[in-house]
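Have a look at the structure below before the remarks.
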Amino acid sequence: MPLQWRSPVQLAGNSGSSPSWAAKSVVSEYAVSEYAWRFGQGSPCISAIATLCWLSPESSQNCGITHALAMPLNVNQFLNVRADETRLVLTLGFALFANALAQKVSEIASLSNFLVDVGPSQFLVVLVLSSLITIAMTGLQSLWVDRFDRLTMVRGISAILALSFMVLRLMFLLRTPGWLNYGLFYLLSDQQLIFFPMAFWVLSSDVFDVAQSKRLFPLLGSLGFAGSLAGIGITALSPGLFLHLQIKPEELLMLNILLYFLMYVGLEMGLKDTKLRQIQQKSETLREALSEGWEFVSEVPAFRYLMVSILAMIVCETIVEYRFYAVSGGAIANAGTYQTFLSLFTLGRTVAYLGIQTFLTQRLITHLQLKDLFLVQPVSSLLGASAMLAMPGLGGAIAGVSLQKLPQYSIDETARKAFAGLVPEERRGRVSLLLDSYLVSLGSILGALMTGAILLVGRLGWGDRLPPHLLYLGVAGLMALLSLWAVLQMRAVYDKSLLNWRLKRRQRGKSVLDKLEF
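Dropping the structure here:
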């Protein structure tokens, strides 16, 4: 199985602005099916184009790419979708497309308006709240995801999100404070990115068997990717269009309300006669799951050092990203213009992620050892913080955040997922829950608190002696160095760790590395 496990929907979701993105794509045995990323091996661009032709039968005959690639096969054959699966794929595909679109609209619109109308320093408070909610929601879903009907659960989340956006629209009508409106708007975007995908992939795993998942999950992921691109496009175009039509910016909420209402109805009609696969799982408390995950990580040296590296890297990411928001928000004072800027920046970053993932990551994995790939991110994070220190303007902010994020969400994340593959299946969910959720949320909280403390000290008078941004970017550089040190230590104990008895189940008959396909 190839090491390139990131699906297109993850690439698009992770290009968002929250440093706690990894917590939002947590891969635990309680929630997200591994198939959501493992089988995303096809080209998302080709899949998305062919999917659009497939969704529009009238245009499929004139779709040049589909015709050239699939002739004389029809579109269903090209997409490897059987006739009896079409309704299921359309229903689930629309749900994922609509959520991805609505999530990008919520994230970019709320973030741009909050930063301009309220301020980047206040956003640190929202970020801490977001991380705490992520921890709480991840813990809750691990307890109840196997106790409720999955279709009812997804439809219920759709209804709750629709009602939440209706309440938020009412708050705008009542002219409640902007910090409250846009803060709640951003927190809702987090739940769209965390909660809905978790429930969606569990439901999809119950609808399709393993063989179907291998064929159809990449297609569903491509629809999610297309939805994210559509959401970015809408947020980029809406400020100018709304200004021309004299429509208030908050009317974008009506789009989200409509999408989740259609999703609720579509899931009811499209899956009402579908028999879900019943899975009996052993009930387990959250404390038991975390204890086993912590025990594994602390007892295997390579994973222990990797944990330190991840924590330091997320702290660095939080600080670097805050600097980007502070500089860009100060340079672009108009909320609509800033929303367009963030949309185009997010689009460019998403395309860059896809390009790196497609053309560079696999080649690096082929020519480098897995343990060497972890060196890329700490070095890149250090360069990003250094670029911001050397160039204090908008150009330096863009260069710094790009250097920090591009390798993290392409090369480093792929390496981490591959490394997690060394964990035995019965422990992998617990280890992922710890490393990809709680640890990342903790890093985001620490980074926000450190940055906030430095800003507070600067406002009390120390800022006249040394600008606060020099201090918190210096902390980001130190965190990058700490992450680099931890990776070097991890490389030193890597081979020894592979002999640890906790990995024994993955080493039966041959080397662990022999089980990884390149």
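So my numbering is basically just the index in the sequence shown, starting at one, shifted up by 69.
Glycine included, every Cβ here is placed at the ideal spot set by N, Cα and C.
In this structure His313 is exposed. Its beta-carbon is surrounded by fewer than 16 other beta-carbon atoms within 10 angstroms.
Distance from the CA atom of Asp481 to the CA atom of Ala395, rounded to whole angstroms, is 26 Å. Taking 8 Å as the cut-off, the Cβ atoms of Leu292 and Leu165 count as close.
Val197 is not a Cβ neighbour of Ile434, given a cutoff of 8 Å.
The beta carbon of Leu508 sits closer than 8 Å to those of Met376, Ile379, Leu380 and Ile383, all from its chain and outside the five residues before and after it, given in chain order. One Cα belongs to Leu321, the other to Leu253, and the distance between them is close to 15 Å. Taking 8 Å as the cut-off, the Cβ atoms of Ala171 and Gly300 count as close. Looking at Ala178, Ser501, Thr483 and Ser360, the one whose alpha-carbon comes closest to that of Gly247 is Ala178. Boundaries for Gln315: no alpha helix (DSSP H) harbours it, and the DSSP string shows neither H nor E there. Selection Leu230, Arg219, Pro493 and Thr155 evaluated against Val366 yields Pro493 as nearest (Cα-Cα). Here the C-alpha atom of Gly521 lies approximately 7 Å from the C-alpha atom of Ser190. For Lys486 and Gln426, the gap between their C-alpha atoms comes out near 13 Å.
Sequence-distant Cβ neighbours of Leu416 in its own chain, meaning closer than 6 Å and more than five residues away, are Ile301. By the C-beta criterion, the region 199 to 209 is judged not to be in contact with the region 401 to 411, since fewer than 3 inter-stretch pairs fall below 8 Å.
Taking C-alpha positions only, Ser510 is separated from Gly290 by approximately 25 Å.
Leaving aside the five residues that flank Ile226 on each side, the residues in its chain whose CB is nearer than 7 Å to its CB run, in chain order, Phe264, Phe265 and Ala268. A residue is called buried once 16 or more other Cβ atoms fall within 10 Å of its Cβ, and Ala295 is buried on that count.
In this structure, DSSP gives Asp218 a state outside helix and strand, which the three-state scheme calls coil. Around the CB of Ser258, 16 or more other CB atoms lie within 10 Å, so the residue is classed as buried. Secondary structure of Asp278 (DSSP, three-state): coil. When the beta-carbon positions are compared, Val174 and Asn325 come within less than 8 Å of each other. Note on geometry: alpha-carbon atoms of Gly465 and Met457 lie some 5 Å from one another.
In this structure, Ser506 sits near Thr207, with a CB-CB distance shorter than 8 Å.
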